[in-house]
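Report on the structure given below.
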Amino acid sequence: MYSYIGKRLLVAIPTLLIISIFVFSLQKLLPGDPVLAMAGEERDPQVLELLREKYRLNDPVIYQYGYWLQGVAKGDLGVSLRTNQPVLTLVTEKLPVTIQLAVMSMIFAFAIGIPMGILAAVKKNSFIDFLANIIALCGLSVPNFWLGIMLILLVSVKLHWLPASGYQPFFEDPWRSIQTMLMPSFVLGNALAATLMRHTRSSMLSVLSADYIRTARAKGLPEMAVVLQHSFRNAILPVVTVSALLFGELLAGAVLTEQIFTIPGFGKLIVDAVFNRDYAVVQGVVLCTAIGFIAMNLIADILYVLLNPRMRAAL
């Protein structure tokens, strides 16, 4: 197991290096000059030149990348060109918000998608199966921003059940924090539940037609035991991989949802950084997102091995 994890980590290193090259190269193609945005309206030529020297913007791109990569290796993601704050500080401020939103969204996705997928597979071609597929199609089709606005109008404006927007840090007021996150989490979890439902249904259908399932039923086992203990335990393996990828997407930030509900997460941070030509923040956030994706893939691989005895035996 440890050698398997070590091999996966070794593969992650060149992957991160390639991602960093692409991010650093592509953000240079962004229109505009960040120094002009920093200098304000007067834009004194001497001030512009001093700022370019300070942030090494006059150096060749390859040297700029080398300086940045050297800093990353030391845990320094640079300094924001707009706020003059360390990028690592900005990331650590926004990361708990994004993690909380992602975790609560996945809870909604699991609670809705997996039971629906199991029921749809067990009741194949029935009304329940048809209804579950319709709900999944609606979840994939309805835009998040529209659903968010409708929820604000109904739940907050009309019924006054939950706050319409804003964010409260969890450790300052846990209940208030959960209240502010319920609607955005449901909006994101609703779309993810549709994906999980379809994967769960497909995986369950392939397992339910296996010979060992027919044998279990022939032995007289209760249907609940056949479905949950024998079928779902084997059908969950592809769902684990999909769930890890979906969680990684959430860590990247849900831009529209965060904007609608005024949540200061990764999505809002990177959008503001792109509009302000804040190269250091863009690079830092994308790099942290890539690390999150790789970490979730590694966790999915480990869970896959733990849940699959055949893979454990092969290692």
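Residue numbers (this note's numbering): -19 to 295.
Cβ coordinates follow ideal geometry from the N, Cα and C atoms, glycine included.
It should be emphasised that the depicted structure is a prediction, and the values quoted were computed from it without experimental measurement.
If you compare alpha carbons, which of the options is closest to residue i?
i: P(-6); options: I274, L283 and V219; result: I274
i: A69; options: Y284, A270, V261 and G272; result: Position check: residue 69 holds Thr in this sequence, whereas Ala was assumed. Considering only alpha carbons, the answer is V261.
i: P164; options: S186, L131 and V27; result: L131
i: P123; options: T237, Q148 and M96; result: T237
i: L286; options: V222, L217 and A234; result: L217
i: I250; options: Q50, R213, D191 and L75; result: L75
i: Q50; options: P25, I243, L99 and S0; result: S0
i: I279; options: V222, N256 and I158; result: V222
i: I(-2); options: T195, Q148 and Y45; result: Y45
i: T160; options: D109, Y147 and D252; result: Y147
i: W126; options: D24, P202, Q26 and F166; result: F166
Which partner residues does residue i have in the DSSP bridge list?
i: V59; result: P66
Within 10 Å of its beta-carbon, does residue i have 16 or more other beta-carbons around it, so buried, or fewer, so exposed?
i: F107; result: exposed
i: F151; result: exposed
i: A101; result: buried
i: K199; result: exposed
i: L168; result: buried
i: Y43; result: exposed
i: L231; result: buried
i: M204; result: exposed
i: G247; result: buried
i: A190; result: exposed
i: L99; result: buried
Beta-carbon separation of residue i and residue j under 8 Å?
i: F2; j: W48; result: no
i: T78; j: G245; result: yes
i: L30; j: A270; result: no
i: R36; j: D281; result: no
i: G128; j: I240; result: yes
i: V219; j: Y284; result: no
i: G272; j: V71; result: no
i: S182; j: I193; result: no
i: V52; j: L267; result: yes
i: G97; j: M184; result: yes
i: V187; j: N214; result: yes
i: L134; j: L162; result: no
i: R197; j: V206; result: yes
i: T242; j: S157; result: no
**Message:** Taking contact to mean 3 or more Cβ pairs, one atom from each stretch, closer than 8 Å, check whether the region 171 to 184 and the region 87 to 102 are in contact.
**Reply:** yes
**Asked** How do the region 107 to 119 and the region 177 to 197 stand: do at least 3 beta-carbon pairs fall below 8 Å, yes or no?
**Response** yes
**Prompt:** Is the number of C-beta pairs between the region 255 to 271 and the region 51 to 71 that are closer than 8 Å three or more?
**Reply:** yes
**Item:** Stretch-stretch touch, CB-based, cutoff 8 Å, three pairs: the region 78 to 87 with the region 225 to 240
**Value:** yes
**Asked** Does the region 117 to 126 come close enough to the region 137 to 156 that 3 or more CB-CB pairs lie under 8 Å?
**Response** no
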